Amino acid sequence: MKKTRQENKPDREGYYGEFGGAYIPEVLHANVQELGRVYRKILAEPSFRRELRGLLVDYAGRPTPLYAAGRLSARHGCRVYLKREDLTHTGAHKINNALGQALLARRMGKRRIIAETGAGQHGVAAATACALLDMPCAVYMGAVDMQRQQLNVQKMRMLGAEVRPVRGGNMTLKDATNEAIRDWCCHPSDTHYIIGSTVGPHPYPDLVARLQSVIGKEIRGQLPSREGRDYPDLLVACVGGGSNAAGTILPYLADRRVSILLAEAAGEGLESGKSAATIHLGSVGVIHGSRTLLMQTDDGQVTEPYSISAGLDYPGVGPLHAHLARVGRAEVVAITDREALDAALELTRLEGIIPALESAHAIAALSRRRFRADEVVVVCLSGRGDKDMEAYIEHANIH
């Protein structure tokens, strides 16, 4: 079993403890190995850093606010801050990674971009980056997700991306990822696959986490003027594949003063058979090029996940998060659809902020803790709720 000296960095083969690695078809070895050789060097280049930083500031709207949520704080008896990733261009944290990977692909000489998407936010972000940089883009999306996220489908098409419906399997995020990988296998030389979360073969989990770590770095820079210190007592985020969570916690992983609470999707309940709570229900296996925890049968067949949230409807989890849960660095709670819907309505009524269903799972996790009045809690509000209004109208009794 592999061990890592630092919880926030993979070893040379891409393992966080026992999770990670690169389990890929032979046709993709050259692509993945090339990416592994160059990504850290390119990300460290001053010219790349200036270009990406300029886009994040002037185009994506960073830094995002760290909002002191007064009424939500009173509700939970502590000091709650919301990291407002919902206020970025395209409405979610996904733009941080999409811009970074698109710039990286261009520097590697790749001419075409493919992506997968569940809730549609990563697809919109990838399509946005490609429109900006004049690169053709194909986005794979499960037919079920296309139906429940029609607004984002139309946005992607308006931005010039080709949205390719996936009708196999459960017709959700897992199946969209399968099809994107098949496309990449057929076009390995000119295509870069912008994976939207901290999943997939090494170096993708580390690459995405690094690009999203701007979230946690901003929190560290914003807290001193509010609290007189640069760290919270608790960081909270939702976790499916895990990109917003990784970006929030990465700069704080070595700081044991900071606790971590992650919320995964329990769907209709852990024992219902309709859940996406991978860390609670999964076992070790390989999915989409990485050894991690996944929901599977005794003979290794991937089981279909379920969540009202399209962005959390995934049967695996990023290897970093599997490792952090395994070693006890992060506490993971399973939030049901009903709890998420109730939390979304509560946040809307208390603070005038309509969250994405994904983010609502993180808000709901606050109710699983009892807090001291002096505790400082930062919740990553990873996206806004425009895309989920139909679900809210149907399920949240807001007629």
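According to the numbering used here, the sequence shown holds residues 140 to 538 in order. Every residue gets a Cβ at the ideal spot worked out from N, C-alpha and C, and that includes glycine. Being a predicted model, the structure only gives us computed values, none of them experimental.
- Message: Taking 6 Å as the limit between beta carbons, can you name the residues of its chain near H460, skipping five residues before and five after?
- Response: V378 and G381
- Message: So, for R507: in the same chain, excluding its five sequence neighbours on each side, which residues have a beta-carbon less than 7 Å away from its beta-carbon?
- Response: V472
- Okay, do the stretch 399 to 416 and the stretch 439 to 451 touch, 3+ Cβ pairs below 8 Å being the bar? yes
- Where does S498 land, buried or exposed, given buried means 16+ other C-beta within 10 angstroms? buried
- Message: Give me, in chain order, the residues of the same chain whose beta-carbon lies closer than 6 Å to that of L221; leave out the 5 immediate sequence neighbours on both sides.
- Response: Y206, A208, V518 and L520
- Task: Label E529 either buried or exposed according to how many other C-beta atoms from any shown protein chain fall within 10 Å of its C-beta, with 16 as the threshold for buried.
- Result: exposed
- Task: Determine, using beta carbons only, whether P342 and G524 come nearer to each other than 8 Å.
- Result: no
- Message: Just to confirm, is the Cβ distance from A558 to A241 under 8 Å?
- Response: The chain is shown only over 140 to 538; residue 558 falls outside these bounds and no answer can be derived.
- Item | Beta carbon of A504 nearer than 8 Å to that of P494 | no
- Task: Could you tell me whether the Cβ atoms of A376 and A384 are closer together than 8 Å?
- Result: yes
- Enumerate in chain order the residues of its own chain whose CB-to-CB distance from R396 is below 7 Å, with the five nearest sequence positions on each side excluded. Y370
- Could you work out which residue in V466, R246, R511 and V305 is closest to M274 when comparing CA atoms only? R246
- Item | Inter-residue CB distance, E407 and T330 (contact presumed, cutoff 8 Å) | The pair is not a contact, with the Cβ atoms about 38 Å apart (cut-off 8 Å).
- Message: Could you tell me the alpha carbon to alpha carbon distance between I335 and T316, rounded to whole angstroms?
- Response: According to the sequence displayed, residue 335 carries Gly and not Ile. The alpha-carbon atoms of G335 and T316 are separated by roughly 10 Å.
- So what's K249 in DSSP terms, helix, strand or just coil? coil
- Item | Segments of 4+ residues assigned as alpha helix (DSSP H) that fall wholly inside the stretch 193 to 224 | 209 to 215
- Item | Straight-line gap, R306 to T256 (C-alpha atoms, nearest Å) | 14 Å
- Query: Which full runs of the beta strand (DSSP E) of 3+ residues lie inside the stretch 369 to 404, going along the chain?
  - Reply: 373 to 377
- Task: Measure from the alpha carbon of V338 to the alpha carbon of each residue in R296, D322, L362 and Y155, then state which is nearest.
- Result: Y155
- When you compare only the Cα positions, how much space is there between R465 and M297? 43 Å
- Task: Note down the Cα distance separating I234 from L409, rounded to an integer number of angstroms.
- Result: 32 Å
- What does a CB cutoff of less than 6 Å around D481 pick up in its chain, not counting 5 residues either side in sequence? none
- Message: Do L362 and R539 have their beta-carbon atoms positioned less than 8 Å apart in this structure?
- Response: There is no way to answer for residue 539, as the model of the chain reaches only from 140 to 538.
- Pull up the distance between the alpha-carbon of R223 and that of P149, whole angstroms please. 28 Å
- Own chain residues within Cβ distance below 7 Å of K142, not counting five before or after: Reliability of the predicted coordinates at K142 is poor, the pLDDT of 38 falling under 50, and the value obtained from them is presented with this limitation in mind. Only G156 meet the Cβ criterion.
- Task: Reducing DSSP to helix, strand and coil, say where I234 ends up.
- Result: helix
- Mapping DSSP to helix, strand and coil, what is T475? strand
- Query: Is I334 helix, strand or coil by DSSP?
  - Reply: coil
- Message: Can you check which of these residues, N291, L243, Q351 and D284, is closest to T229 by C-alpha distance?
- Response: N291
- Query: What are the partner residues of Q435, as DSSP defines its beta bridges?
  - Reply: V441
- Message: If I measure Cβ to Cβ from T227 and keep anything under 8 Å in the same chain, skipping five residues before and after, which residues do I get?
- Response: A199, G200, R201, T203, I234 and N235
- Task: Kindly identify the DSSP beta-bridge partner or partners of Y155.
- Result: F158
- Starting from the Cα of A231, find the closest Cα among G386, Q435 and V423 and give me that residue. G386
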